[in-house]
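Visitor: Residue numbers (UniProt numbering), protein chains in the order written: chain A, 1 to 297; chain B, 1 to 297. No residue lacks a Cβ here, since even glycine has one placed at the ideal position from N, Cα and C. A single structure is presented below for examination.
There are 2 protein chains.
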Amino acid sequence: MRIGIVGGGAVGLLTAAYMSQSAHVTIYTRRHEQAEKLCANGLTVICGDEKTTHRVQATPFVCETNDDVLFMAVKQYDLTNILTTHVHMLQANAIIFLQNGMGHIRYVSRLPHEHIALAVVEHGALKVDDTTVVHTGVGQTKWSVWRGEQHAFSFLLRTSSRFPFQYVDDWETMLLEKLMVNVLINPLTALLRVPNGMLVAHDPYRQAMEQLFHEVASILHIEQRERIWQHVQTICRQTAANRSSMLRDIESGRRTEIDAILAYVIERANEQHIPAPISTFLYSLVKGKELEGGKGR
Amino acid sequence: MRIGIVGGGAVGLLTAAYMSQSAHVTIYTRRHEQAEKLCANGLTVICGDEKTTHRVQATPFVCETNDDVLFMAVKQYDLTNILTTHVHMLQANAIIFLQNGMGHIRYVSRLPHEHIALAVVEHGALKVDDTTVVHTGVGQTKWSVWRGEQHAFSFLLRTSSRFPFQYVDDWETMLLEKLMVNVLINPLTALLRVPNGMLVAHDPYRQAMEQLFHEVASILHIEQRERIWQHVQTICRQTAANRSSMLRDIESGRRTEIDAILAYVIERANEQHIPAPISTFLYSLVKGKELEGGKGR
Chain A
1 MRIGIVGGGA VGLLTAAYMS QSAHVTIYTR RHEQAEKLCA NGLTVICGDE
51 KTTHRVQATP FVCETNDDVL FMAVKQYDLT NILTTHVHML QANAIIFLQN
101 GMGHIRYVSR LPHEHIALAV VEHGALKVDD TTVVHTGVGQ TKWSVWRGEQ
151 HAFSFLLRTS SRFPFQYVDD WETMLLEKLM VNVLINPLTA LLRVPNGMLV
201 AHDPYRQAME QLFHEVASIL HIEQRERIWQ HVQTICRQTA ANRSSMLRDI
251 ESGRRTEIDA ILAYVIERAN EQHIPAPIST FLYSLVKGKE LEGGKGR
Chain B
1 MRIGIVGGGA VGLLTAAYMS QSAHVTIYTR RHEQAEKLCA NGLTVICGDE
51 KTTHRVQATP FVCETNDDVL FMAVKQYDLT NILTTHVHML QANAIIFLQN
101 GMGHIRYVSR LPHEHIALAV VEHGALKVDD TTVVHTGVGQ TKWSVWRGEQ
151 HAFSFLLRTS SRFPFQYVDD WETMLLEKLM VNVLINPLTA LLRVPNGMLV
201 AHDPYRQAME QLFHEVASIL HIEQRERIWQ HVQTICRQTA ANRSSMLRDI
251 ESGRRTEIDA ILAYVIERAN EQHIPAPIST FLYSLVKGKE LEGGKGR
């Protein structure tokens, strides 16, 4: 079986490593240099005390793909470009999307592929260099079929117990819950420059997060508010020492996923003529930090 | 003429230094140690390249005051304590209040003194140590009579041209404008850890500040919105390199004046049943930073 992974970031490398245990994996990178290093040195995963190196193929994403299954593991803001300009080259029987947010759904519907799945990654992963990823937290990947048949993805049942997949029926609820987690934890930790646990350790921070929660829950018509609010707080506690991906992006002067998550919420609010004062305010503050380019400390 | 200055912070020391040029000044400090140092070493002001040392009296604020005029130069949160428990010791013909915010007005009305003035300090001042203050920006002190006669404060006309006083008729507008400046610049710079100028240099920051401006202006029924919005932006540009007092408080792990300025706005909103989502959110974030105690960097 041939599996293609589009994206050489933390999630792409982690997925590639575990998939390579039972399939022929090709990683499609943005940069030539990373592809060359991966072909030459292999792909190393560090999980606890264990360090394993896997042989993988890698090539820049300029040529056509020709795999049985494609994992789309790029950030949402890169995905738009790939789906609109390179879609004809994405030959595969099945595609799995691993993005945060929900903004990519509108593009997915235009794809010609027979089987399409949506997934959310609940692992902790930190890219150390072009060929090394640290598996900082073993979680799971929830997935759901968006188009086609579930059996087209049956190979997901055979992955390592350290990289399990869990099927859920309702892709919209799955994505909405992940979106809520991302909306609440990422911008606040990035703005405040604190690890996830601080958001529930200090009462004023929790109160601010709760204010944001109620605003966003109204905009997205979230049912079971209390359950999801508890879920978000649990994740803060379970990942207390983690620095969120958005915080790391800000600290490194990289572009963040703020548009995929918070701008998406503001757009939904505008469509419905619902006010979104806190989301809009927070969005501007994080955008400003992004502009400072990591030099704001 | 005997002038008492209650408070040995940046504003208290600056006021004491310039007043000591034409009057007998006593500084009332919180700590014994500072009073002793001021008596022994004098009070030094650095303004540009000039450095001048002034002889002053100083004593801890435990004894009674016996001055012709008292300047109240403590933070608003210390003022409440002084006015409610030590008011009988504040013997003076006239009192001038130099606080930010408007929360102290309710206490002022209970004072027995014949002449009471309210003032807002528009100087830049940075306390270096217990006996040294840097005059980082020469501005002015606006003042207005709250009770009694203007002539009771005629000595203000004789102060140094580096420390001018300007009379205004309407104390409420004067305090409201200063409150708007403080509400908009202080919490945002403290949260974002940026100098004042950054709030207008980056469009997203200016947009966030403008959102906050409109919310607060509605709560406080600010007239002439456009003029005041321009005024706030002008101050950001004029003090572009300054780090606000609240930012310095957060960085040093000190208590901030967030309650005197933003909690006051939220109280006014609650009284009128006007929503204050952004003010409330921002208040919680700064309170959390205060709790982190300067260790959040």
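Does the distance from the CB of A:M72 to the CB of A:V120 come in under 7 Å?
Guide: It is not a contact, given that the beta carbons lie outside the stated cut-off.
Visitor: Can you tell me whether DSSP reads A:R225 as helix, strand or coil?
Guide: In this structure, A:R225 counts as helix in the three-state DSSP scheme.
Visitor: Using the C-alpha atoms, what's the distance from B:I46 back to B:Q34?
Guide: Taking the straight line from one Cα to the other gives about 18 Å.
Visitor: How would you list, in chain order, the residues of chain A whose beta-carbon sits under 8 Å from the beta-carbon of B:I278?
Guide: Ordered by position in chain A, the residues that pass the 8 Å Cβ test against B:I278 are P277, I278, F281.
Visitor: B:V286 and B:C236 look like a contact to me (Cβ under 8 Å); what is the Cβ gap, rounded to whole Å?
Guide: The Cβ separation is near 18 Å, so there is no contact.
Visitor: Per DSSP, what kind of secondary structure is B:F61 in: helix, strand or coil?
Guide: It is coil, neither helix nor strand.
Visitor: Is the beta carbon of A:L282 sitting closer than 7 Å to the one on A:P187?
Guide: Their beta carbons are under 7 Å apart, which means A:L282 touches A:P187 by this criterion.
Visitor: Just to confirm before moving on: does the CB-CB distance between A:G293 and A:G253 stay below 7 Å?
Guide: In this structure, A:G253 lies closer than 7 Å to A:G293 by Cβ.
Visitor: In the DSSP assignment, what residue or residues form a beta bridge with A:I46?
Guide: Per DSSP, A:K51, A:V134.
Visitor: Using DSSP with H/G/I as helix, E/B as strand and the rest coil, what is A:S144?
Guide: A:S144: strand per DSSP, three-state reduction.
Visitor: Can you pull the chain A neighbours of B:L291, defined as C-beta to C-beta under 7 Å?
Guide: The answer, in chain order, is H202, P204.
Visitor: Going by DSSP in three states, A:D169 sits in which element: helix, strand or coil?
Guide: Three-state DSSP puts A:D169 in coil, outside helix and strand.
Visitor: List, in order along the chain, the chain A residues whose C-beta lies closer than 8 Å to that of B:Q211?
Guide: Result: P277, T280, F281, S284.
Visitor: One question on the structure: do B:V11 and B:L98 come within less than 7 Å of each other, judged by their Cβ atoms?
Guide: Going by C-beta atoms, B:V11 is nearer than 7 Å to B:L98.
Visitor: Please confirm whether A:G103 and A:Y264 have their CB atoms less than 7 Å apart.
Guide: In contact: A:G103 and A:Y264 (Cβ atoms closer than 7 Å).
Visitor: List the residues of chain B that A:Q207 touches, going by C-beta distances under 7 Å, in chain order.
Guide: S284, listed in chain order.
Visitor: Does the segment 151-163 of chain A come within contact of the segment 173-187 of chain A, defined as at least 3 CB pairs closer than 8 Å?
Guide: The answer is no - the segment 173-187 of chain A does not touch the segment 151-163 of chain A, with fewer than three Cβ pairs under 8 Å.
Visitor: So, at 6 Å on beta carbons, what are the nonlocal neighbours of B:S20 in its own chain, with the 5 sequence-adjacent residues on each side left out?
Guide: Around B:S20: H54, V56.
Visitor: If you draw a straight line from the alpha carbon of residue 298 of chain B to that of B:D170, how long is it in whole angstroms?
Guide: One cannot answer for residue 298 of chain B here, as it falls past the ends of chain B, which runs 1 to 297.
Visitor: Going by C-alpha to C-alpha distance, which of B:A40, B:A276, B:D49 sits closest to B:G137?
Guide: For B:G137, the nearest C-alpha among the options comes from B:D49.
Visitor: For B:K75 and chain A, any beta-carbon pair shorter than 7 Å?
Guide: So, not an interface residue.
Visitor: Which residues share a DSSP beta bridge with A:H115?
Guide: According to DSSP, which records beta bridges pairwise, A:H115 is partnered with A:A94.
Visitor: In or out: A:I278 buried (at least 16 other Cβ within 10 Å) or exposed?
Guide: Answer is buried; the Cβ neighbour count reaches 16.
Visitor: Buried or exposed: B:E114, going by 16 or more other Cβ atoms within 10 Å of its Cβ?
Guide: B:E114 is exposed by the Cβ-count criterion.
Visitor: Closer than 9 Å by beta-carbon distance: list the chain A residues that pair up with B:S192, in chain order.
Guide: The amino acid at residue 192 of chain B is misidentified as Ser; the sequence shows Leu. Those within 9 Å of B:L192 in chain A are L191, L285, G288, K289, E292, G296.
Visitor: By Cβ distance, which residues of its chain are closer than 7 Å to A:H32, with the 5 residues on each side in sequence left out?
Guide: Around A:H32: P60.
Visitor: How would you call A:R297, buried or exposed, if buried means at least 16 neighbouring beta carbons within 10 angstroms?
Guide: In this prediction, A:R297 scores a pLDDT of 40, lower than 50, which makes its location untrustworthy; the coordinate-derived value is nonetheless stated afterwards. Classification for A:R297: exposed.
Visitor: Since B:T26 sits in a beta bridge, which residues does DSSP pair it with?
Guide: Partner(s): B:G4, B:Q57.
Visitor: Output needed for B:N93: all residues of its chain with C-beta closer than 8 Å, excluding positions within five of it in sequence on either side, in chain order.
Guide: Correct list, in chain order: D68, V69, H113, E114, H115, A152.
Visitor: Classify A:T29: buried if its beta carbon has 16 or more other beta carbons within 10 angstroms, exposed otherwise.
Guide: Buried, since its Cβ has 16 or more Cβ neighbours within 10 Å.
Visitor: Just the Cα atoms here: how many angstroms apart are A:R2 and A:H24?
Guide: If I take the Cα positions, the gap works out to 5 Å.
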